[in-house]
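First residue of the sequence shown: 1, per full-length UniProt numbering; consecutive thereafter.
Every residue gets a Cβ at the ideal spot worked out from N, C-alpha and C, and that includes glycine.
Here's the structure we're looking at; comments come further down.
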Amino acid sequence: MARFCNLPSEVVEKIMLLVPPNCLVQFKLVNKFWNFCISTFINNPKFVAKHLLMTKIQSSMSLLCFKEPSPGIILSY
């Protein structure tokens with residue numbers, strides 16, 4: 001299994017584009033490497049623009065995943 005720091009930067013960027021902004025800020029607290037990596041991305045205007053676009057796309061999509069409900073549970077959507 002590849003370590004996070006051994007992944008190509010393009011792969012890391014694609015992963016980071018899928019992470020909500022508030023989580024990116026929280027992930028900076030994991031350790032110095034994550035702080036450096038995430039800071040590098042969020043200080044890059046191109047990444048910020050891509051992330052904003054991805055956030056807009058993701059917010060317009062909805063996904064419902066559920067198991068068969070237990071008896072007596074009503075689902076409305």
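Counting only residues of its own chain and dropping the five nearest sequence neighbours on each side, K28 has a CB closer than 8 Å to the CB of W34, N35, I38 and S39. A Cβ-Cβ distance of about 18 Å is found for the pair H51 and L7, leaving them out of contact under the 8 Å criterion. Here P45 carries a helix assignment [DSSP, helix/strand/coil]. For the options V25, V11 and I15, the alpha carbon positioned closest to that of M54 is the one of I15. When the Cα atoms are used, K32 and I42 turn out to be separated by approximately 15 Å.
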